[in-house]
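Novice: Those protein sequence lines, which keep their order, are chains A and B.
Letter 3 of the first sequence, counting from 1, is numbered 3 in full-length UniProt numbering, and no numbers are missing.
Letter 18 of the second sequence, counting from 1, is numbered 18 in full-length UniProt numbering, and no numbers are missing.
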Amino acid sequence: MLSAQERARVAQVWDLIAGHEASFGAELLLRLFTVYPSTKSYFKHLGFCPDETQLLTHGQRMLEAVGVAVQHMDNLRAALSPLADLHAQVLRVDPSNFPLLIQCFQVVLASHLQGEFTVEMQAAWDKFLTGVAVVLTEKYR
Amino acid sequence: MVHFTAEEKVAVVSLWAKVNVELVGGEVLGRLLVVYPWTQRFFDSFGNLSSESAIMGNPKVKAHGKKVLSSFGNAVKHMDDLKDTFAELSELHCDKLHVDPENFKLLGNMISIVLATHFSKEFTPHMQAAWQKLTAAVANALAHKYH
Chain A
1 MLSAQERARV AQVWDLIAGH EASFGAELLL RLFTVYPSTK SYFKHLGFCP
51 DETQLLTHGQ RMLEAVGVAV QHMDNLRAAL SPLADLHAQV LRVDPSNFPL
101 LIQCFQVVLA SHLQGEFTVE MQAAWDKFLT GVAVVLTEKY R
Chain B
1 MVHFTAEEKV AVVSLWAKVN VELVGGEVLG RLLVVYPWTQ RFFDSFGNLS
51 SESAIMGNPK VKAHGKKVLS SFGNAVKHMD DLKDTFAELS ELHCDKLHVD
101 PENFKLLGNM ISIVLATHFS KEFTPHMQAA WQKLTAAVAN ALAHKYH
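(1) Taking C-beta pairs closer than 8 angstroms, name the residues in chain B that A/LEU63 reaches, listed in chain order.
(2) Which residue marks the beginning of the alpha helix (DSSP H) containing A/ARG92, and which one marks its end?
(3) Between the region 21-47 of chain B and chain A, which residues of the former have a C-beta closer than 7 angstroms to a C-beta of the latter?
(4) Leaving aside the five residues before and after A/ILE102 along the sequence, list all residues of the same chain whose C-beta is less than 8 angstroms from its C-beta, in chain order.
(5) Looking at chain B, which residues of the UniProt domain "Globin" (1-141) of chain A have a Cβ within less than 7 angstroms of any of its Cβ atoms?
(6) Can the beta-carbon of B/SER70 be found less than 9 angstroms from the beta-carbon of B/ALA141?
(7) Looking at B/ASN109: is its Cβ nearer than 9 angstroms to the Cβ of B/THR135?
(8) Going by Cα to Cα distance, which pick from B/ALA6, B/SER45, B/ILE113 is closest to A/VAL107?
(9) Going by DSSP in three states, B/ASN48 sits in which element: helix, strand or coil?
(10) Along the chain, which unbroken stretches of the alpha helix (DSSP H) at least 4 residues long are found entirely within the UniProt domain "Globin" (1-141) of chain A?
(11) Report, in whole angstroms, the separation of the C-beta atoms of B/LYS145 and B/ALA75, which I expect to be a contact under 8 angstroms.
(12) Measuring alpha carbon to alpha carbon, tell me which residue in A/GLU138, A/VAL66, A/LEU91 is nearest A/VAL10.
(13) Taking only three categories from DSSP, how would you classify B/LYS145?
(14) Applying the 10 Å Cβ sphere with the 16-neighbour rule, what's the burial state of B/LEU82?
(15) Should residue 192 of chain B be flagged as near chain A, meaning a C-beta pair shorter than 9 angstroms?
(16) Closer than 7 angstroms by C-beta to A/LEU30: which residues in its own chain qualify, once you throw out the five before and the five after it? Chain order, please.
(17) Report the three-state DSSP secondary structure of B/LYS18 (helix, strand or coil).
(18) Could you tell me whether any Cβ in chain D is nearer than 9 angstroms to the Cβ of B/SER14?
(19) Going by beta-carbon coordinates alone, are A/ALA79 and A/LEU136 separated by less than 9 angstroms?
(20) Between which residues of its own chain and B/ALA11 is the CB-CB distance below 7 angstroms, once the five residues before and five after are set aside?
(21) Output the residue ranges of the alpha helix (DSSP H) runs that lie fully inside the UniProt domain "Globin" (3-147) of chain B and measure 4 residues or longer, sorted by chain position.
(22) What do you reckon, are the CB atoms on A/ALA124 and A/LEU2 nearer than 9 angstroms?
(23) Report yes if the C-beta distance between A/VAL90 and A/TYR42 is below 9 angstroms; otherwise report no.
(24) Listing by chain order, which chain A residues have their CB less than 7 angstroms from the CB of B/ALA129?
(25) Could you compute how far the alpha carbon of B/ARG31 sits from the alpha carbon of A/VAL119?
(26) Under the assumption that A/ALA70 contacts A/TRP14 (Cβ atoms under 8 angstroms), give the Cβ distance between them as a whole number of angstroms.
(27) Output yes if chain A places a C-beta closer than 9 angstroms to the C-beta of B/THR85; else output no.
(28) Could you confirm whether any beta carbon from chain A is found closer than 9 angstroms to the beta carbon of B/SER112?
(29) By how many angstroms is the C-alpha of A/LYS139 removed from the C-alpha of B/GLN40?
(30) Measuring CA to CA, which of A/LEU76, A/LEU63, A/THR39, A/GLN5 is closest to residue 147 of chain A?
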């Protein structure tokens, strides 16, 4: 699905954020909850106003999973199978929410990388994250 | 009707004052055409859209991007009255341009991303929320007269 050039661009973006999974993940979640408050319905365990520690912990977990996806772009289904099971059987996040998360992810990347977040990188990253979302929701039914 | 709080209005207006409409407009439309290539279907007359650099450098894309973003300037001035403000444009997009309203949402999302590249930390979560609310409301207003 991703061309060699697109994979290179995805890896390029990841290199720029690797090591910052917690802070990027926390910002991602904060933006998600601020811009799309209904998404908080999936995070009742974090409370109505998640604190920084909770955001950092959960954000890191999510970004680390994205890192796994980056390492296995040629075999997302196998690499993300346990997470796909989790989403299908336990989390059951409505698929309409993934584009919201992807939008916030793009904004996080854009605000940190600014001009370095070229249109080519944005296109590759958007395609990549959309592919991840497809895999995570594939076992829903 | 969408209600914007005083804080949301201040956030939108203050950022808008710093936006280079020509530059940002061109980038927004260019990125839309690259990231979602099917949106090129509306721009057959625009000439060379064959590569990312062709699209981003295309003078017609830049000019049209500026035109589209300028109309957002109108939205910023009439945040309490978007449906009426965009009534004519809504009819135009339905009757003459035949644009699927889903595209308005895609463009709106692209505006937030490009603003983030320009304004970085200043484009806080609350700033993003205000802008995404505005672009979603404009998208709805543009779809309102569809029949």
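The C-beta atom is built at its ideal place from N, Cα and C for all residues, glycine as well.
Specialist: On the basis of the supplied data:
(1) By Cβ distance, chain B contributes nothing, its closest Cβ being about 17 angstroms from A/LEU63, past 8 angstroms.
(2) Unbroken run through A/ARG92: none, as it is neither H nor E.
(3) GLY30, ARG31, VAL34, VAL35
(4) ASP126, LEU129, THR130, ALA133
(5) LEU30, ARG31, THR34, VAL35, GLN103, GLN106, VAL107, ALA110, SER111, GLN114, GLY115, PHE117, VAL119, GLU120, GLN122, ALA123, ASP126
(6) no
(7) yes
(8) B/ILE113
(9) coil
(10) 4-17, 21-35, 52-71, 76-79, 81-86, 98-113, 119-137
(11) Their Cβ separation, rounded to whole angstroms, is 16 angstroms, which puts B/LYS145 and B/ALA75 out of contact at 8 angstroms.
(12) A/VAL66
(13) coil
(14) buried
(15) Outside the displayed range of chain B (1 to 147) lies residue 192 of chain B, so it cannot be described from this structure.
(16) LEU55
(17) coil
(18) Of the protein chains in this structure, namely A and B, none is chain D.
(19) no
(20) HIS126, MET127, ALA130
(21) 6-16, 21-35, 52-57, 59-77, 82-85, 87-91, 102-119, 125-143
(22) yes
(23) no
(24) THR34, VAL35
(25) 6 angstroms
(26) It is worth fixing the name first, because residue 70 of chain A is Val in this sequence and not Ala. Yes, they are in contact, since the Cβ atoms of A/VAL70 and A/TRP14 sit about 5 angstroms apart, within 8 angstroms.
(27) no
(28) yes
(29) 33 angstroms
(30) Because residue 147 of chain A is not part of the residues shown, which for chain A are 1 to 141, the question remains open.
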